[in-house]
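Student: Pasting a structure here, questions to come.
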Amino acid sequence: FEYKVYLYAIGFMFLSEFIIWIFTSIGSKGDSKKSDKGSIWAIIFGYCLSIYISYYFTGSAVNVFIKNLMFPHFFYYIGIFLIIAGTIIRAYSVWTLKKAFTLSVQTTSDQHLIQKGFYHYVRNPAYTGSILSLLGIAFSLRNILAPVIVLIICIICYGIRIKVEEKALRKQFNKEFEDYCKHTYCLFPFIW
């Protein structure tokens, strides 16, 4: 039963990502100014590496001592909750931005700074959702080292992306973005 629940949660996460990819592929951005600087590859690399690491630490290739460093069983449920909650947060954040959401960093002349929904509290809730889902995979597989390494990977890869993205938003919105930064968190409320 738990294996099926895990598969459904992962399936929900990947289906959501596929729909987001389709959603962002429809329609062109017209007069958009691209500022991505390859940061999309940092996100893709971090996402794939995080999933790989989560499975690696439960596989037969890892040292038996490391493989046996396991969280108690209830961490499986925490992981499932994080996968589902993270996917919902990401999907809702993308939905809030609608056409302003893109997979690559870009701005348009008619773009507005969205400050509703999760964006009222956090500047990058779609990334927050992704990170929570990736941590959820690591926690549900229960190896103690996996969530730590996944978190480090996410901080590095998403940190690169956020730096590029916020530079483009500062250039586009100037003082409005500076004021927005003063009353919001980057990724996690009360933490960062």
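Okay, so the sequence shown: first residue is 707 according to our numbering, each after it adds one. Note that the Cβ used here is the ideal one computed from N, Cα and C, for glycine as well.
Is it buried or exposed, Ser836, if we count other Cβ atoms within 10 angstroms and call 16 or more buried?
Tutor: Buried, because 16 or more other Cβ atoms sit within 10 Å of the Cβ of Ser836.
Student: When you compare only the Cα positions, how much space is there between Lys881 and Gln817?
Tutor: Taking the straight line joining both Cα atoms gives about 15 Å.
Student: Work out the CA separation of Ala832 and Asn849 for me, nearest whole Å.
Tutor: For Asn849 and Ala832, the distance between alpha carbons rounds to 26 Å.
Student: Near Ile897, which residues of its chain fall below 8 Å by C-beta distance, leaving aside the five closest residues on each side in sequence?
Tutor: Excluding sequence neighbours, Ile897 sits near Tyr891.
Student: Assuming the contact rule is C-beta atoms closer than 8 Å, Ser846 and Tyr712 should be a hit. Round their C-beta distance to whole Å, please.
Tutor: So it is a contact: roughly 6 Å between Cβ atoms.
Student: Counting only the same chain and skipping the five closest in sequence on each side, list residues whose C-beta sits under 7 Å from that of Ser760.
Tutor: The answer, listed in chain order, is Ile843, Ala844, Leu847, Ala852 and Val856.
Student: Out of Ile786, Tyr783 and Phe763, point me to the one whose CA is closest to Met776's CA.
Tutor: It is Phe763 whose Cα lies nearest to the Cα of Met776.
Student: In the stretch 801-871, which residue ranges form an unbroken alpha helix (DSSP H) of at least 4 residues, counting only runs that do not cross its ends?
Tutor: With a minimum length of 4 residues, the continuous alpha helix (DSSP H) runs that stay inside the stretch 801-871 are 831-847.
Student: In chain order, what residues of the same chain have a beta carbon less than 7 Å from the beta carbon of Phe883, not counting five sequence neighbours either side?
Tutor: Within the same chain, Phe883 has close Cβ partners Leu819, Leu875 and Arg876.
Student: My guess is that Ile859 and Leu755 are in contact by the Cβ rule of under 8 Å, so how many angstroms apart are they, rounded?
Tutor: Contact holds; Cβ gap of about 5 Å.
Student: Is Phe824 buried or exposed, if buried means 16 or more other CB atoms sit within 10 Å of its CB?
Tutor: So Phe824 ends up on the buried side.
Student: Near Trp801, what residues of its chain come up, given a Cβ to Cβ distance below 8 Å and the 5 sequence neighbours on each side ignored?
Tutor: None.
Student: Name, in chain order, the residues that DSSP records as bridge partners for Tyr891.
Tutor: Paired residues: Val828.
Student: Out of curiosity, what's the CA-to-CA distance linking Ile772 and Ser799?
Tutor: Between Ile772 and Ser799, the C-alpha separation is close to 36 Å.
Student: Is it right to say Ile750 is buried, meaning 16 or more other beta carbons lie within 10 angstroms of its own, or is it exposed?
Tutor: Flag for Ile750 reads exposed.
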